[in-house]
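With the working numbering as the guide, the letters of the sequence shown map in order to residues 3 to 321. Remarks on the structure that follows.
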Amino acid sequence: MNNNEEYTINDCILVRTTDVFPFDGIVQTAEDGCRLIKSLPEGFEYALRNLLKDNKNINMILESLQIVQKTRRNTTHYCINGLVGSHATGNFQGRPFILFDPFKYHCDSKNLIGIRGEDTFFLGNLVLSSEAAILIKKEVYEIIKNDPLYMDTLSKLKVFIYDQKKESEEEAVKRVLNELGYDSFLIKGHGYDGIGGGNPKADKMDLFLSKFAQEHGISQEPHVSSDNYFERDDLETEDSIEISLKIINEMCKHLNKDEEDTKYYKSIITNRVGSIGYYKEDMENIIKEYGIDNLISLISRINMETINQIYEEKHAKKL
């Protein structure tokens, strides 16, 4: 496109960097792919940080006290015509696969719920079109190219390879976009670099996406501001509370706490007051009584149970 032309949907391509291979041409959500996240158990964080504040190994111990759970993110995310830029809440560099798929094949999807140059997202999994391409790190490609598990899907994608020793991710993505016939943009955490006069093409692409979203009634709110984000965030909190209740129940049983005491400690967790410092002395006392080492062992066992359950679920859903 020259500077006097306007962009159309045919000029737009979805770009996604990921560490999950799109078996059978399906891009999975983190939830459906059973991806794991780790955090300190709900209700315990404030007390644990306070108890360990003078311990020189605090970070290592806190890491051992993190619970494992499945992420509830049920959306798949893409940039348009560029590589995602890392920001304060996410580092996306160095992942082995970068996917490309013309936006025209997905722009009418009922699952398209947000359009932004730096973050266009769909509810649920996304099935790649027959024109989809994949960019793979050279060392990864050498491992998977003759693996029967990958070969069928690779045969249906346009495959590009890049050598990190000779080419950066940004350079490789720009090369692939240009070879596929698309303009490429530098993307930062909040949009295209150069918007506002620094890059006329970036201004025009941003304007086209805004008009397209408005005409089709699609939100341009960031994902973090969307109803979907907060709904899933609440579900992750529910999962974390459930695991914390399992932890406190085991602790109380081991310490021979009566029913009323057990109910009291559970209420600290279910009401989430332990996470913001209320009743921290009570939480600290039961942790000290139970013992940090015992708590590490208990969480390790519960994590293994969680991982086994998620592993079985993932294989039940194997594509």
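Where is the CB? At the ideal position from N, CA and C, for every residue including glycine.
Measuring CB to CB, does residue 156 end up less than 9 angstroms from residue 17?
For the purposes of this step, residue 156 is identified with residue 154 of the sequence shown, where counting begins at 1. For the purposes of this step, residue 17 is identified with residue 15 of the sequence shown, where counting begins at 1. No, these two residues do not count as a Cβ contact at 9 angstroms.
Are the stretch 113 to 125 and the stretch 213 to 228 touching, with three or more C-beta to C-beta distances below 8 angstroms?
Counting C-beta pairs with one atom in each stretch, the stretch 113 to 125 and the stretch 213 to 228 have three or more that are closer than 8 angstroms, which means they touch.
Continuous alpha helix (DSSP H) assignments of at least 4 residues falling wholly in the stretch 22 to 52:
none
Which residue spans inside the stretch 114 to 192 form an unbroken alpha helix (DSSP H) run of at least 4?
Fully enclosed alpha helix (DSSP H) runs of 4 or longer: 140 to 146, 150 to 157, 171 to 182.
Proximity below 9 angstroms, CB of residue 36 to CB of residue 72:
Here residue 36 corresponds to residue number 34 of the sequence shown, with the count starting at 1. Here residue 72 corresponds to residue number 70 of the sequence shown, with the count starting at 1. A contact, by the Cβ cut-off of 9 angstroms.
Alpha helix (DSSP H) segment containing residue 288, residue limits
Here the question's residue 288 lines up with position 286 in the sequence shown. Its alpha helix (DSSP H) spans residues 282 to 292.
If you draw a straight line from the alpha carbon of residue 249 to that of residue 237, how long is it in whole angstroms?
Here residue 249 is taken as the residue at index 247 of the sequence shown, counted from 1. Here residue 237 is taken as the residue at index 235 of the sequence shown, counted from 1. Distance from the CA of residue 249 to the CA of residue 237, rounded to the nearest whole angstrom, comes to 19 angstroms.
Using a Cβ-Cβ cut-off of 7 angstroms (strictly less than) and excluding sequence neighbours within five positions of residue 1, which residues of its own chain qualify?
With the chain covering 3 to 321 only, the question about residue 1 has no answer from this structure.
Rounded separation between residue 260 and residue 254 - CA only:
Mapped onto the sequence shown, residue 260 falls at position 258. Mapped onto the sequence shown, residue 254 falls at position 252. If you take the alpha carbons of residue 260 and residue 254, they lie about 8 angstroms apart.
Note down the Cα distance separating residue 45 from residue 314, rounded to an integer number of angstroms.
As a first step, residue 45 is located in the sequence shown; it is residue number 43 there, counting from the start. As a first step, residue 314 is located in the sequence shown; it is residue number 312 there, counting from the start. Straight-line Cα distance between these residues: approximately 28 angstroms.
Tell me the rounded alpha-carbon separation between residue 185 and residue 235.
Position 183 of the sequence shown, counted from the start, is the residue given in the question as residue 185. Position 233 of the sequence shown, counted from the start, is the residue given in the question as residue 235. Their Cα atoms are separated by approximately 35 angstroms.
Are the CB atoms of residue 42 and residue 294 within a distance shorter than 9 angstroms?
Position 292 of the sequence shown, counting from 1, holds the residue named residue 294. Position 40 of the sequence shown, counting from 1, holds the residue named residue 42. No, the Cβ-Cβ distance between residue 294 and residue 42 is not below 9 angstroms.
Evaluate residue 175 with the Cβ neighbour count: other Cβ atoms within 10 Å of its Cβ, from every protein chain shown; 16 or more gives buried, anything less gives exposed.
Here residue 175 is taken as the residue at index 173 of the sequence shown, counted from 1. Per the 10 Å Cβ criterion, buried.
Do you know how far the Cα of residue 187 is from the Cα of residue 137?
Residue 137 sits at position 135 when you count from the first residue of the sequence shown. Residue 187 sits at position 185 when you count from the first residue of the sequence shown. About 17 angstroms.
Can you name the residues that DSSP bridges to residue 194?
As a first step, residue 194 must be located in the sequence shown, where it is residue number 192. Answer is 189, bridged to residue 194.
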